[in-house]
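All residue numbers for the sequence shown refer to the numbering used here, where the first residue is 116 and numbers rise by one.
Below: the structure, in structure tokens.
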Amino acid sequence: MILPILALLLIAAWRLHYALGLPVVPDEAYYWAWSRQLDLSYYDQGPGIAYYIRIFTELFGHTQLALKLAAIFAATLATLFMLFTVRLISRERWSLYGVLLLMTLIPGFFGGSVVIMHDSLLLLAWCGAIFSGVHFLLNRSVAGLTGLFLATGVGLSAKHTMVFLALAWTVLLLYQRGALLDFLKRPLTYSGLTISLLFLLPVLIWNIKHDWASIEAIAHLRSSGGRFAEGAVGEYLGGQLLMFSPGFVLALAAVTLRLKNGRWKRYLSRDLYPGGDESGRRILALQFIALTALLPVVFFFIMSFTRTVQPNWVFPAYPGAILLLAVYRPEGLGLRIHKILLVFGFLFAIAFAVVMLFAQSIENLAGRRINSYYIPALRYAGYKEAILEIESERLKKNPEAVLAANRYQDAAIASWYLPDKRYVPSLNIMQKNQYSYWPGLRPGQDALIFAIQENTCEKATIFFSPLLEDIFEKSDIFEYKEKDVLFADRVAKRYQLYYAENYEQSWDHLLYNYIVKKAIQDFMPTLKDDQNFSDATSGAAQARIARSITELFLSRKGKVKCDLFE
């Protein structure tokens, strides 16, 4: 174990060196903003990541080092849990190095390991829960069961997806004869459940105080398009093939398809829990690991028929899949095919890493420019320059004016890059997030409103601009010309500014009236003097049109339609 751990520490040191040369991304800044305003919970997720980041900012200040260390520490500790798990179920040295390489190189983890998000803490807790659960199944240890409950509680405080690990454990107990009864007889079960539920208590209290807001967001799947979302099965499958590597997906399939019938019966046995033999307990651990990988994949696959599933939602399935790849292999011809697929998987993962690290050098060799949106180093570059330019304009125009954004990402990244790191409010027009619960503009305030476009093949124009004249005093709104931010001799960002005086009231108080009376005329001005238009927008017809346009606004997702090459 010493050499793999030393290798893991070297990987962590390299990650830190690499990460310190990267810009902070908007979602990192968003969760950093949470850590500055600690609460029982948050609209988007539980409070775990906010308190986790706060530990690092207390130690290292509000610095890039603090955020990147938080991400790398979580990724390193998660990998360490996976190494300990392999040690419990396999004595082969290859398995240790296989897990280390897979946890490092799998595309979904390669870039994510240097970005602090709620997924960072979720994956740490998930891997800790797998290790603890396997330890209990093999040794019936008090420490293993305690660790399982504790890790599950931490994971639930980080992200709701942790419920799938709890579900995997529950399914295992229900599937294995005698397991549930034995589990319920243990006093530690009830104290452990209490520990896990204590982590959920702040979330419950927050929701009670805020009309079950985050529960409603989950119920309507706000981040997957809300009520008006459409299915995207192809995107789901393609995203998982890319993020896990197609070779590894096929290698997993080879493991299952090439098992002999006798082995299948043994692996699916329901009488393993009471057994005392080591082989049976290892297969029991395999069942638990397989369930942690299978349940999220199946659930989100089914969801993809009606919703857009983001690739990172399935990341918790990856540790279990990695353990299966590293520890369990088919026999005979299947083993040879399995090895070929693993090599292909690693080659794909390495190629992905090379593209991420050296995309600009590759495009120079190819003689064609890749759109900056698809180059990680450029996609998040230019935010600092844009924010400083916007702040400079605010000071020049009106030092008393408030800097305000519409998107939470822009508000958070502005706070991060402003020299004084002051709070930047978000108008949150046509959206809801944690900024909806934080202070906004006050009546009478002047504001410089900005929107930053990271997808530079699109305009930065703010689609809500017609609403500004209802939110502010109409005669005192000035629209700036869209401006590009150059980085490495190319457009890295575009931003749009609006200077508005005398803030009057929030957009949601005016939305219905605007849609009913003005929206159609703004978007179809030729109908302004049409008598049929006037008749059509009266009574019930007016209400139907209002609902239709509301859906149009609320379902806008701004899909990227850029070519790969500029």
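Don't be surprised by glycine CBs; every beta carbon is placed ideally from N, CA and C.
Quiz item: Taking the alpha-carbon positions, what's the LEU236 to GLY223 distance?
Solution: 15 Å
Quiz prompt | For ARG605, the three-state DSSP class (helix, strand or coil) | solution = strand
Quiz item: Which stretch, first to last residue, makes up the alpha helix (DSSP H) that contains GLU515?
Solution: Note, GLU515: premise wrong, no alpha helix (DSSP H); not H, not E.
Quiz item: Going by C-alpha distance, which of LEU387, GLN160, PHE225, GLU478 is nearest PHE314?
Solution: GLN160
Quiz item: GLU594 by DSSP, collapsed to three states: which one?
Solution: strand
Quiz item: Does the separation of the CB atoms of VAL229 and ALA294 fall below 7 Å?
Solution: no
Quiz item: Quick one: what does DSSP say VAL318 is sitting in, helix, strand or coil?
Solution: helix
Quiz item: Would DSSP call ALA148 helix, strand or coil?
Solution: helix
Quiz prompt | Residue nearest to ARG609 in terms of C-alpha spacing, selected from GLU500, LEU184, LEU180 | solution = GLU500
Quiz item: By how many angstroms is the C-alpha of PHE188 removed from the C-alpha of ALA127?
Solution: 8 Å
Exercise. Tell me whether LEU612 sits in a helix, a strand or coil according to DSSP, three-state version.
Key: strand
Quiz item: Quick one: what's got a C-beta closer than 7 Å to THR200's C-beta in the same chain, skipping five residues either side?
Solution: ILE245, PHE246, VAL249, LEU438
Quiz prompt | Span of the alpha helix (DSSP H) around LEU299 | solution = 294-300
Quiz prompt | Contact check, GLN560 vs TYR488, beta carbons under 7 Å | solution = no
Quiz item: In chain order, what residues of the same chain lie with their CB nearer than 7 Å to the CB of THR172, ignoring the 5 residues before and after it?
Solution: SER150, ALA181
Quiz item: Counting pairs of beta carbons, one from the region 211-223 and one from the region 254-274, are three or more of them closer than 8 Å?
Solution: no
Practice problem: Locate the alpha helix (DSSP H) running through LEU563, then write down its first and last residues. | Solution: That residue, LEU563, is in no alpha helix (DSSP H); its beta strand (DSSP E) goes 562-568.
Quiz item: Do HIS453 and ALA334 have their CB atoms nearer than 7 Å?
Solution: no
Exercise. Rank MET545, PHE565, LYS547, TRP379 by C-alpha distance to the C-alpha of VAL539 and give the top, closest one.
Key: PHE565
Practice problem: Can you have a look at VAL429 and say buried or exposed, based on whether 16 or more other CB atoms are within 10 angstroms of its CB? | Solution: buried
Quiz item: Pick from LEU563, ASP154, ALA492: whose alpha carbon is nearest that of ALA526?
Solution: LEU563
Quiz item: When the Cα of ASP585 is compared with those of TYR552, VAL606, SER621, which residue comes out closest?
Solution: SER621
Quiz item: Under the rule that 16 or more other beta-carbon atoms within 10 Å means buried, what is ALA603, buried or exposed?
Solution: exposed
Quiz item: Roughly how many angstroms separate the alpha carbons of SER360 and GLN568, rounded to a whole number?
Solution: 30 Å
Quiz item: If you check the beta carbons only, do ARG509 and ALA519 fall under 7 Å apart?
Solution: no
Quiz item: What residues are listed by DSSP as bridge partners for TYR133?
Solution: Answer by DSSP bridge pairing: none, since TYR133 is not bridged.
Self-check item: Candidates GLY390, GLN425, MET277, LEU280, of which the one nearest ALA292 by Cα
Solution: The sequence given here has Arg at residue 292, not Ala. Nearest C-alpha to ARG292: GLY390.
Self-check item: Local conformation of PHE587 per DSSP, three classes
Solution: strand
Practice problem: Work out the CA separation of LEU296 and GLU393 for me, nearest whole Å. | Solution: 21 Å
Exercise. Closer than 6 Å by C-beta to ILE164: which residues in its own chain qualify, once you throw out the five before and the five after it? Chain order, please.
Key: TYR146, HIS233, LEU236, ALA273
Self-check item: Reduced DSSP secondary structure (H/G/I, E/B, other) of VAL229
Solution: coil
Exercise. Measure from the C-beta of VAL517 to each C-beta in chain B and report whether the shortest distance is under 7 Å.
Key: Checking the listed chains, one finds no chain B in this structure; it contains a single protein chain.
Exercise. With DSSP collapsed to three states, give me the class of TYR290.
Key: helix
Quiz item: For CYS242, which residues of its own chain have a beta-carbon under 6 Å away from its beta-carbon, when the five flanking residues on both sides are left out?
Solution: ALA193, PHE196, MET197, PRO434
Quiz item: In chain order, which continuous runs of the alpha helix (DSSP H) of length 4 or greater are located wholly inside the region 445-511?
Solution: 448-481, 491-494
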